[in-house]
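As structure tokens, the structure follows; a few thoughts come after it.
Protein chains: 2
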Amino acid sequence: MNLFDKHKDVLDKAIAAIHDRAFYAQYPEHPSPKIYGETADAEGRKRFQALLGKDFSELLQDDSAERIATEESPYLQEPLNIGYPSFSTETLIEKGTVAFHQWRKVNADERAAILIESLELMRERFFEIAYATMHTTGQGYMMAFQASGPHAADRALEAIAAGYEELKRFPENKFWDKPMGKFNIQLEKEWRAVPKGISLVIGCSTFPTWNTVPGLYASLITGNPVIVKPHPGAVLPIAIVIAGIQKVLADQGHDPNICQLAVDSLDKPIAKVLAENPEVKLIDFTGNSEFGSYLESLPGKNVFTEKTGVNSAIIDSVEDVDKVVQNLAFSVALYSGQMCTAPQNFYIPENGIKTSDGNVSFDEFAEKFVEAVNGIVSNPKMGPFVLGTIQNKNTCQRITDAEKLDGKIWLTSTEVENPMFKTARTASPVVVEIDSSKKEIFSKELFGPIALLIKTKDTDESIALAKEMALNHGAISCGAYTTDPQIKEKIADEMSLAATPVSFNLTGPIYVNQNAGFSDFHVTGGNPSGNASFTNPEYVVKRFTWVGLREPAKV
Amino acid sequence: MNLFDKHKDVLDKAIAAIHDRAFYAQYPEHPSPKIYGETADAEGRKRFQALLGKDFSELLQDDSAERIATEESPYLQEPLNIGYPSFSTETLIEKGTVAFHQWRKVNADERAAILIESLELMRERFFEIAYATMHTTGQGYMMAFQASGPHAADRALEAIAAGYEELKRFPENKFWDKPMGKFNIQLEKEWRAVPKGISLVIGCSTFPTWNTVPGLYASLITGNPVIVKPHPGAVLPIAIVIAGIQKVLADQGHDPNICQLAVDSLDKPIAKVLAENPEVKLIDFTGNSEFGSYLESLPGKNVFTEKTGVNSAIIDSVEDVDKVVQNLAFSVALYSGQMCTAPQNFYIPENGIKTSDGNVSFDEFAEKFVEAVNGIVSNPKMGPFVLGTIQNKNTCQRITDAEKLDGKIWLTSTEVENPMFKTARTASPVVVEIDSSKKEIFSKELFGPIALLIKTKDTDESIALAKEMALNHGAISCGAYTTDPQIKEKIADEMSLAATPVSFNLTGPIYVNQNAGFSDFHVTGGNPSGNASFTNPEYVVKRFTWVGLREPAKV
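Chains as they are written, first to last, in my numbering: chain A, 60 to 614; chain B, 60 to 614.
So this is what it looks like as structure tokens:
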């Protein structure tokens, strides 16, 4: 069986799932990681440990290159000492250019087959990737497994499927026969989906595979060679993925440099030099708004960004306030607020909120929320694992600063002991009350475990502020709680105009932070939090150009 | 029958045609204009004449506005004296904003039905539009009829169909049911296609409907109100179309300001003010590269441009040289080279070209080409009607300048008498030989009836130059003649990389200038000649944002 036949069914199902948007997972995470094998976890951990302190030797790029080691575990607060090859930007562009002229001529079926095969290799290493993710991003084990493993692989498959469908959208050849009355004009036409050129994918420190693979696979399926420039702090997870892609490419007789890993250091960053190179036509970026906006402004490039945003929760009225605060507290605690979808601004009317048991005042709500956060944090079987660690030391400073904000401090941050890693860098959430008039405080992203309870005049003001923040500063998620259908539609309509998805009335084990592949578009692309969306049609069609060729039909 | 049921079949067939890309026309031009009725032409001419010298009174915009008259007939060299209402940009934006909140809530079916109904009104006025086009653009009658009438209506329908398909691409609602082992997480999900905001469509002086309606209808189908700012020299053709759209909108109970006409004068242009208004989110533009590039650089907008380019013809080898020069001469003469698809740079090897009758030298080819041009121009039953007139006086200056270029003048321009319009502004083509080393001469668009015969070392140089021009200065078309399959593939591959469509070996009554709706993508969007393509998926998906909403399923 050739590789395309092997994976055709997976591809067809993925395309159908994109259209259907019901639950679908080629790489499920439920009911537990054990579905990938009873011993897979232990073996993955061993393999991860074997990589530490050595040169990463699996890449099929030039082996003689100098090595750099840039990662540190937020759990151990020690360097991982894994050496990655370091290349000049000239070398990367040169190899990418050669690879372009090979890869662009590989047809869509073969590209899809190679890329899905690479996901099968990734699947075999989900646990190794999970531990690599823990010890670079500081995520808890379960999130590290799910987000960097199955969920990332599903997002990659989604991008492959979306790109493949677009490549097949129009016929390769067509006989065009125009009746002119006494005669016909007859042409043979052909259309080629021409890839744009070298694609640069710039990763982030918190989700090194989940945020990288959509752009990576979207560019590859549409025929563009990719240079992946990971965040220096989180290289290993994506290095493992890239090693797999290179292996399949080489096995199938292609240049492994079709997908290159380009590691740099914080001292000598190379992202700008690569981005500005005229051969680089596509740029995917996850990270801060300043650099993202700079990239978006580069002429002659198609740039796909996920930047920062100010996410909101609008609290109007609820059935059961205890279930609501449980859900929201978990959203804030999860990975210590270091998800781009984590809520930050909680808009609560000064007169409190309606519940089925009567009115709950602003202060009562705040107390219950704080209690729920404490319940998670202080539970030794839950807190450390939900919180994970703080990836970047700068986040600790932001937490300290948050406790000096101009408002009532409802909860201060503490370190949270991790039973497995005594040296883990941890911090529980800070909760601060802010008056709605103090917009300068809450109109920026305070990345980390920082929740602002914003006291508004009423729900109309809450909605207006959430919309304004999204339009002016971006937003990737919005949680909303209301039992009133009219208010619900108002929130839906106003936040839609601010291109912000809304999760209504979530309680139980589903959180506003979570976006599911094949169903939820991640980032809409319509507000300043980013111009790209995983995976809408725009995300793939901008990566190639339809070019038509025609000639008189042979008669 | 409601309006959607009335037009559903047309819509379905148009969507199928876009995918099929075989010949398709909802509004055919063949075998002759008479298919629209024996008396339609005469009646249309009368109706056109009745509009001259009066205020255009069909718009449903504010009737009390001041009037401006800006058009002049290149056939009569006299003003048309048709008065159009003139609005302040504030008024236009205000009305557009009100219209936005109405139109965005109209569903895709109703929008499609209204827009197709407006094309049916346009169809009834094809001849009136044809005469309006003749006397603003200076096109010959047949082109004015075809391009501004049936072809434009088909391009509009194509945009409607492409947009409609994208709006229906994902379900409005879906039950999402994720198995978690011992329980399921169940969500009701909803997706909304949220339009971007006010759309500004800036027209050109040469194809006032054909180049305007794709953006106009693409924005309208996706829920965006449109302000059409035509070129002051060519208002009437699109004013008639807009009057029809407004009539259908009003008949269906909607605000006619969903589609506004915004006429300005060359003295007091309003395009920049409108384009920079923050409520304007979408801009479509056809015109010069300088203004197009300025528009493309505006932050926070999605901009769709068709700018200028340097089109080429690569002559390598032919079967029958006489048929080839006939075809090329017609391409140059057609509307006096004032089509964005007209060839300008003819690359011919210094050693001549192979034909089935032996080698034809560079000079022999040039002689034959000049003879063919003269054959068209000097035929009184053909020349004046193929050439039409010169729309803009500046083009006459360019023709004069072309005769002073540094190269052998093979043919000078002359006036060509038009038997129906003694005062018509006409000019036959100039043909100049340029050495391939003099790149500064042929690396810019010389808009008008100017053909440069560029003497190259060989076909490889011809291809390299055509590609370089397209990559650096843009190209919308490329004609190529070769009998060698390897050279053919080389041209196809190299020009594809420069995102330029290629027409091979055209002879007879089909020309490189012609792009057919539902089959040929017009402009690829991949080189500096423009960033948009009629009508690829990117052209419509960038006009709205997918926003998801979700909540726990009621159990």
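Ideal placement from N, C-alpha and C gives every residue a C-beta, glycine not left out.
| message | To the nearest angstrom, how far is the alpha carbon of Pro587 (chain B) from that of Gly533 (chain B)? | response | Looking up residue 587 (chain B) in the second sequence gives position 528. Looking up residue 533 (chain B) in the second sequence gives position 474. One C-alpha to the other measures close to 4 Å.
| Does the Cβ of Met60 (chain B) have 16 or more other Cβ atoms within 10 Å, making it buried, or fewer, making it exposed? | Mapped onto the second sequence, residue 60 (chain B) falls at position 1. Answer is exposed; the Cβ neighbour count stays below 16.
| Same chain, Cβ closer than 8 Å to Asn418 (chain B), five either side skipped, listed in chain order | Indexing the second sequence from 1 puts residue 418 (chain B) at position 359. Excluding residues within five positions, the ones whose Cβ falls inside 8 Å are Asn410, Gly411, Ile412.
| Given Thr471 (chain A), which residues of its chain have a CB within under 7 Å of its CB, disregarding the five upstream and five downstream residues? | Within the first sequence, the letter at position 412 stands for residue 471 (chain A). Result list for Thr471 (chain A): Glu462, Val489, in chain order.
| request: Note down, in chain order, each residue of its chain lying with its Cβ closer than 6 Å to the Cβ of Pro478 (chain B), except the 5 sequence neighbours on either side. | output: By 1-based counting over the second sequence, the position of residue 478 (chain B) is 419. Same-chain partners within the cutoff: there are none.
| For Asp236 (chain A), which residues does DSSP report across the bridge? | The count along the first sequence starts at 1 and reaches residue 236 (chain A) at position 177. Answer is A:Gln245.
| query | Would a check of beta-carbon distances place Asn336 (chain B) closer than 9 Å to chain D? | reply | Included in the structure are the protein chains A and B, with no chain D among them.
| Considering only the beta carbon of each residue, do Val260 (chain B) and Val285 (chain B) sit closer than 9 Å? | Residue 260 (chain B) sits at position 201 when you count from the first residue of the second sequence. Residue 285 (chain B) sits at position 226 when you count from the first residue of the second sequence. Their beta carbons are under 9 Å apart, which means Val260 (chain B) touches Val285 (chain B) by this criterion.
| Cβ shell of Pro611 (chain A) (< 8 Å), same chain only, five flanking positions each side left out | Sequence index remark: in the first sequence, residue 611 (chain A) carries index 552 (1-based). So the qualifying residues of the chain are Gln245, Leu246, Glu247.
| If you measure from the beta carbon of Gly208 (chain B) to each beta carbon in chain A, is any gap under 9 Å? | Residue 208 (chain B) sits at position 149 when you count from the first residue of the second sequence. No, Gly208 (chain B) lies away from the interface with chain A (no Cβ there is under 9 Å from its Cβ).
| request: Could you name the residues of the region 221-239 of chain B whose beta carbon sits closer than 8 Å to any beta carbon of chain A, in the order they occur along the chain? | output: Glu225, Arg228, Phe229, Pro230, Lys233, Phe234, Trp235, Asp236, Lys237, Pro238, Met239
| task | Could you name the residues of chain A that Trp269 (chain B) contacts, counting a contact when the two beta carbons are closer than 7 Å? | result | Within the second sequence, numbered from 1, the residue matching residue 269 (chain B) stands at position 210. Result: empty, since nearest Cβ-Cβ is about 18 Å, beyond 7 Å.
| field | DSSP state of Asn404 (chain B) mapped onto helix, strand, coil | value | Within the second sequence, numbered from 1, the residue matching residue 404 (chain B) stands at position 345. Asn404 (chain B) falls in the strand class under three-state DSSP.
| Counting only runs that start and end within the region 251-295 of chain B, where is the beta strand (DSSP E) found for 3 or more residues in a row? | 257-261, 285-288
| Exposure of Gln397 (chain A), with buried meaning 16 or more beta-carbon neighbours within 10 Å | Residue 397 (chain A) sits at position 338 when you count from the first residue of the first sequence. The residue in question, Gln397 (chain A), is buried, as its Cβ has 16 or more Cβ neighbours within 10 Å.
| task | Output yes or no for whether 9 Å exceeds the beta carbon distance between Pro315 (chain B) and Leu174 (chain B). | result | The residue you call residue 315 (chain B) lines up with position 256 of the second sequence. The residue you call residue 174 (chain B) lines up with position 115 of the second sequence. Result no, Cβ atoms of Pro315 (chain B) and Leu174 (chain B) do not sit closer than 9 Å.
| said: Please tell me whether Thr538 (chain B) and Ile407 (chain B) are closer than 9 Å, where the distance is taken between their beta carbons. | reply: For the purposes of this step, residue 538 (chain B) is taken as residue 479 along the second sequence, with counting starting at 1. For the purposes of this step, residue 407 (chain B) is taken as residue 348 along the second sequence, with counting starting at 1. The residue you asked about is not Thr; residue 538 (chain B) is Gly in the sequence shown. Contact flag unset, no.
| task | Please report how far the alpha carbon of Tyr134 (chain B) lies from the alpha carbon of Gln205 (chain B), in whole angstroms. | result | Stepping through the second sequence from its first residue, residue 134 (chain B) is reached at position 75. Stepping through the second sequence from its first residue, residue 205 (chain B) is reached at position 146. Between Tyr134 (chain B) and Gln205 (chain B), the C-alpha separation is close to 19 Å.
| message | Once DSSP output is grouped into helix, strand and coil, what is the label at Gly584 (chain B)? | response | Within the second sequence, the letter at position 525 stands for residue 584 (chain B). Gly584 (chain B): coil per DSSP, three-state reduction.
| said: Within a Cβ cutoff of 6 Å, which residues of the same chain sit near Phe186 (chain A), ignoring the five residues on either side of it in sequence? | reply: Within the first sequence, numbered from 1, the residue matching residue 186 (chain A) stands at position 127. Within the same chain, Phe186 (chain A) has close Cβ partners Ala99, Asp100, Gly103.
| field | Sufficient close CB pairs (3 or more, under 8 Å) joining the region 484-500 of chain B to the region 514-533 of chain B | value | yes
| Looking at Pro443 (chain A) and Glu476 (chain A), is the spacing between their C-beta atoms short of 9 Å? | In the first sequence, the residue the question calls residue 476 (chain A) occupies position 417. In the first sequence, the residue the question calls residue 443 (chain A) occupies position 384. Yes, they are a contact pair.
| said: Quick check on this structure: which residue in B:Lys288, B:Leu524, B:Tyr143, B:Tyr394 has the alpha carbon closest to the alpha carbon of Phe405 (chain B)? | reply: Walking along the second sequence from the start, residue 405 (chain B) turns up at place 346. Of B:Lys288, B:Leu524, B:Tyr143, B:Tyr394, the residue nearest in Cα terms is B:Leu524.
| field | Pairwise C-alpha distance: Pro209 (chain A) and Met528 (chain B) | value | Position 469 of the second sequence holds residue 528 (chain B). Position 150 of the first sequence holds residue 209 (chain A). Going from the Cα of Met528 (chain B) to the Cα of Pro209 (chain A) covers about 47 Å.
| said: Between which residues of its own chain and Gly274 (chain B) is the CB-CB distance below 7 Å, once the five residues before and five after are set aside? | reply: Position 215 of the second sequence, counting from 1, holds the residue named residue 274 (chain B). Within the same chain, Gly274 (chain B) has close Cβ partners Val260, Asp343, Phe363.
| Alpha carbon to alpha carbon, how far is Leu354 (chain B) from Ser264 (chain B)? | For the purposes of this step, residue 354 (chain B) is taken as the residue at position 295 of the second sequence. For the purposes of this step, residue 264 (chain B) is taken as the residue at position 205 of the second sequence. Taking the straight line from one Cα to the other gives about 18 Å.
| task | Identify whether Tyr200 (chain A) lies in helix, strand or coil by the three-state DSSP scheme. | result | Here residue 200 (chain A) refers to the residue found at position 141 when the first sequence is read from its first residue. Three-state DSSP puts Tyr200 (chain A) in a helix.
| said: For a quick check, are the C-beta atoms of Arg170 (chain B) and Ser145 (chain B) less than 9 Å apart? | reply: In the second sequence, residue 170 (chain B) corresponds to position 111, counting from 1. In the second sequence, residue 145 (chain B) corresponds to position 86, counting from 1. For Arg170 (chain B) and Ser145 (chain B), no; Cβs fall outside 9 Å.
| Checking contacts by CB at 9 Å: is Asp517 (chain B) closer than that to chain A? | What you label residue 517 (chain B) is simply residue 458 of the second sequence in a count that begins at 1. Answer no: the Cβ-Cβ gap between Asp517 (chain B) and chain A never drops below 9 Å.
| In three-state terms, what does DSSP make of Tyr540 (chain B)? | For the purposes of this step, residue 540 (chain B) is taken as residue 481 along the second sequence, with counting starting at 1. In this structure, Tyr540 (chain B) counts as strand in the three-state DSSP scheme.
| field | Limits of the beta strand (DSSP E) - the one that Val491 (chain B) falls within | value | For the purposes of this step, residue 491 (chain B) is taken as the residue at position 432 of the second sequence. Element bounds for Val491 (chain B): 489-494.
| field | Residue(s) in a DSSP beta bridge with Ala551 (chain A) | value | Reading the first sequence from its first residue, position 492 is the one you call residue 551 (chain A). Partner(s): none; Ala551 (chain A) has no beta bridge.
| field | Residue interval of the alpha helix (DSSP H) (run including Gly434 (chain B)) | value | In the second sequence, counting from the first residue as 1, residue 434 (chain B) sits at position 375. Per DSSP, Gly434 (chain B) belongs to the alpha helix (DSSP H) from 421-436.
| said: For Thr367 (chain A) and Asn347 (chain A), I'd like the C-alpha separation in whole angstroms. | reply: As a first step, residue 367 (chain A) is located in the first sequence; it is residue number 308 there, counting from the start. As a first step, residue 347 (chain A) is located in the first sequence; it is residue number 288 there, counting from the start. Distance between the alpha carbons of Thr367 (chain A) and Asn347 (chain A) is about 6 Å.
| query | Just checking my contact of Gln319 (chain A) with Val287 (chain A) at CB under 8 Å: how many whole Å lie between their CB atoms? | reply | As a first step, residue 319 (chain A) is located in the first sequence; it is residue number 260 there, counting from the start. As a first step, residue 287 (chain A) is located in the first sequence; it is residue number 228 there, counting from the start. About 7 Å separates the two Cβ atoms, so the contact holds.
| Exposed or buried, Glu130 (chain A), counting other C-beta atoms within 10 Å across all chains shown (16 or more means buried)? | Numbered from its first residue, the first sequence carries residue 130 (chain A) at position 71. The residue in question, Glu130 (chain A), is buried, as its Cβ has 16 or more Cβ neighbours within 10 Å.
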